[in-house]
């Protein structure tokens with residue numbers, strides 16, 4: 302059956318991706334569901350260290366608590382009234398309505414909800430029409446664009462010298478609490494004075510000054526759309542991460558000379574890992590990158606492919622004649638028949654397993 306996962310865990314969905322960007326920005330987040338999606342997002346898809354703002358305060362994340370009659374009759378006013386009561390106590394800079402399968406099924410108009418809510422709340426309301434049918438990266442992208450649309454200011458266009466904005470560094474892409482610090486350190490080591498990682502705790506002001514960055518760096522496919530948005534609006538150039546920003550796995554990569562290799566991850570990190578292997582092996586490796594998530598032609602080589610489901614992945618490994626597979630441990634566990642080298646390449650959105658190194 303197409304799309305069926307019998308062995309591999311279900312991946313983080315789009316609503317989880319949206320909340321991963323919003324959680325640390327001190328806003329009110331309402332997940333428009335009956336309760337189950339909210340429990341899944343907070344209990345499984347977001348590591349605990351993400352669920353706080355810059356001051357360490359837990360975010361305002363609520364379930365809309367939809368019931369059968371709410372869904373059938375579209376009781377939007379009741380939802381707005383509850384949100385307004387929360388806003389009286391939250392002192393939040395914005396509110397966000399995050400979609401799930403229920404509002405998608407009944408055709409909820411998130412644009413209308415946004416207009417209904419903004420007047421009584423008196424703060425910007427972000428309408429993020431995720432639906433639970435797409436993977437996490439689509440939700441990340443929608444949250445970035447909603448924040449830029451609401452907060453990016455055009456008044457002060459003075460470029461900050463030697464500044465870099467980062468899009469795509471989320472807990473679901475990099476399940477390591479030290480990833481942000483490592484990337485900042487790597488960029489400052491190459492001459493950057495100011496590094497701003499969008500969507501991390503306390504970064505709402507970064508969205509307001511997004512037009513002042515000298516350039517942007519994309520570290521996952523979800524970062525492409527916001528980088529292109531800023532290029533069109535402000536002329537800010539962007540580039541794609543060329544290689545991994547830490548030294549994890551370098552010895553294993555150097556040992557892959559002459560091998561036929563499969564790398565499975567989100568597309569930017571897979572390609573970055575491929576670039577590093579080629580550099581360390583003097584390009585003496587035949588490398589295919591594959592992904593279950595967004596597949597951008599501009600990042601792909603002819604042998605690369607998008608994986609529609611579990612069967613596509615298993616078939617690729619069985620028939621690809623690979624000497625080594627680099628993937629999340631949960632994906633490696635799904636191929637007991639593979640006799641080549643298995644190299645762990647963690648991806649939190651795939652397994653929910655946090656990196657500890």
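Numbering (the numbering used here), first residue to last: 302 to 658. Glycine included, each C-beta is placed from N, C-alpha and C at the ideal position.
Query raised in the report: Grouping DSSP H, G and I as helix and E and B as strand, with all else coil, what is residue 587?
Result: Residue 587 sits at position 286 when you count from the first residue of the chain shown. The answer is strand: DSSP assigns residue 587 an E or B state.
Requested in this report: Ignoring anything shorter than 3 residues or poking outside the region 325-413, list the beta strand (DSSP E) runs there in chain order.
Outcome: You should have 329-332, 361-364, 396-399.
Query raised in the report: How would you write the range of the alpha helix (DSSP H) that residue 600 sits in, first residue to last?
Result: Stepping through the chain shown from its first residue, residue 600 is reached at position 299. Neither: residue 600 is in no alpha helix (DSSP H) and is coded neither H nor E.
Query raised in the report: Given residue 507, which residues of its chain have a CB within under 6 Å of its CB, disregarding the five upstream and five downstream residues?
Result: On the chain shown, residue 507 is found 206 positions in, with the first residue counted as 1. These residues qualify, in order along the chain: 497, 499.
Report task. With DSSP as the reference, please indicate the residues paired to residue 645 in a beta bridge. Result -> One-based indexing of the chain shown puts residue 645 at position 344. DSSP, once it has assigned bridges, lists 628 as partnering residue 645.
Query raised in the report: Out of curiosity, what's the CA-to-CA distance linking residue 530 and residue 637?
Result: In the chain shown, the residue the question calls residue 530 occupies position 229. In the chain shown, the residue the question calls residue 637 occupies position 336. If I take the Cα positions, the gap works out to 43 Å.
**Report entry** Those residues which DSSP pairs with residue 468 across a bridge
**Finding:** Position 167 of the chain shown, counted from the first residue, corresponds to residue 468. Paired residue(s): 519.
Report task. Could you name the residues that DSSP lists as bridge partners for residue 540? Result -> The count along the chain shown starts at 1 and reaches residue 540 at position 239. Answer is 518, bridged to residue 540.
**Report entry** Close Cβ partners of residue 485 (< 6 Å) along its chain, the five nearest in sequence each way excluded
**Finding:** Working through the chain shown from its first residue, we reach residue 485 at position 184. So the list reads 496, once near-sequence residues are dropped.
Query raised in the report: Going by beta carbon distance, what residues of the same chain come within less than 6 Å of residue 426, once the five residues before and after it are set aside?
Result: Numbered from 1 along the chain shown, position 125 holds the residue referred to as residue 426. Result list for residue 426: 396, 415, 418, 419, in chain order.
**Report entry** Option nearest residue 627 by Cα separation, candidates 621, 459, 642, 616
**Finding:** Locating residue 627 in the chain shown gives position 326, where the first residue counts as 1. Out of 621, 459, 642, 616, 642 has the C-alpha closest to the C-alpha of residue 627.
Query raised in the report: What are the partner residues of residue 575, as DSSP defines its beta bridges?
Result: For the purposes of this step, residue 575 is taken as residue 274 along the chain shown, with counting starting at 1. Secondary-structure assignment with DSSP links residue 575 through no beta bridge to anything.
**Report entry** Where the beta strand (DSSP E) through residue 563 begins and ends
**Finding:** Within the chain shown, the letter at position 262 stands for residue 563. 561-565 is the span of the beta strand (DSSP E), which, as asked, contains residue 563.
**Report entry** CA-to-CA distance, residue 493 to residue 307, given in whole angstroms
**Finding:** Locating residue 307 in the chain shown gives position 6, counting from the first residue. Locating residue 493 in the chain shown gives position 192, counting from the first residue. Going by C-alpha positions, residue 307 is about 46 Å away from residue 493.
**Report entry** Candidates 392, 522, 432, 516, of which the one nearest residue 406 by Cα
**Finding:** In the chain shown, the residue the question calls residue 406 occupies position 105. Looking at the Cα atoms, 432 is the closest of the given residues.
Report task. Taking residue 426 as part of the beta strand (DSSP E), name the residues at either end of that continuous run. Result -> As a first step, residue 426 must be located in the chain shown, where it is residue number 125. If you look at residue 426, you'll find it in the beta strand (DSSP E) that goes 426-429.
**Report entry** Expected contact under 8 Å - CB spacing of residue 543 and residue 449 to nearest Å
**Finding:** The residue labelled residue 543 in the question sits at position 242 within the chain shown. The residue labelled residue 449 in the question sits at position 148 within the chain shown. Approximately 24 Å separates the beta-carbon atoms of residue 543 and residue 449; this is outside 8 Å, ruling out the contact.
Query raised in the report: Apart from the five residues on each side of it in sequence, which residues of its chain come closer than 6 Å, Cβ to Cβ, to residue 436?
Result: Counting from 1 along the chain shown, the entry for residue 436 is found at position 135. Residues of the same chain with a CB within less than 6 Å of the CB of residue 436, apart from the 5 flanking positions on each side, are 312, 594 in chain order.
Query raised in the report: Taking C-alpha atoms, which residue in 423, 534, 428 lies nearest to residue 413?
Result: Taking the first residue of the chain shown as 1, we reach residue 413 at position 112. Comparing Cα positions, the closest option is 428.
Query raised in the report: Should residue 434 be labelled buried (16 or more other beta-carbon atoms within 10 Å of its own) or exposed?
Result: The sequence position of residue 434 within the chain shown is 133, counting from 1. Under this definition residue 434 is an exposed residue.
Query raised in the report: Are the CB atoms of residue 549 and residue 567 nearer to each other than 9 Å?
Result: Numbered from its first residue, the chain shown carries residue 549 at position 248. Numbered from its first residue, the chain shown carries residue 567 at position 266. Cβ atoms of residue 549 and residue 567: not closer than 9 Å.
Query raised in the report: Roughly how many whole angstroms lie between the Cα atoms of residue 438 and residue 327?
Result: By 1-based counting over the chain shown, the position of residue 438 is 137. By 1-based counting over the chain shown, the position of residue 327 is 26. Straight-line measurement puts the Cα of residue 327 at about 22 Å from the Cα of residue 438.
Query raised in the report: What is the DSSP secondary structure of residue 619, counted as helix, strand or coil?
Result: By 1-based counting over the chain shown, the position of residue 619 is 318. In the structure shown, residue 619 falls within a helical segment according to DSSP collapsed to helix, strand and coil.
Report task. Could you tell me if residue 570 is buried or exposed, where buried requires 16 or more neighbouring beta carbons within 10 angstroms of its beta carbon? Result -> Taking the first residue of the chain shown as position 1, residue 570 is located at position 269. When all chains shown are included, residue 570 counts as buried.
Query - Straight-line Cα distance separating residue 346 from residue 635 - result: Sequence index remark: in the chain shown, residue 635 carries index 334 (1-based). Sequence index remark: in the chain shown, residue 346 carries index 45 (1-based). C-alpha separation (whole angstroms): 21 Å.
Requested in this report: Could you say which of 402, 361, 410 lies nearest to residue 279 if we only look at CA atoms?
Outcome: As displayed, the chain neither begins before 302 nor continues past 658, which places residue 279 out of reach and without an answer.
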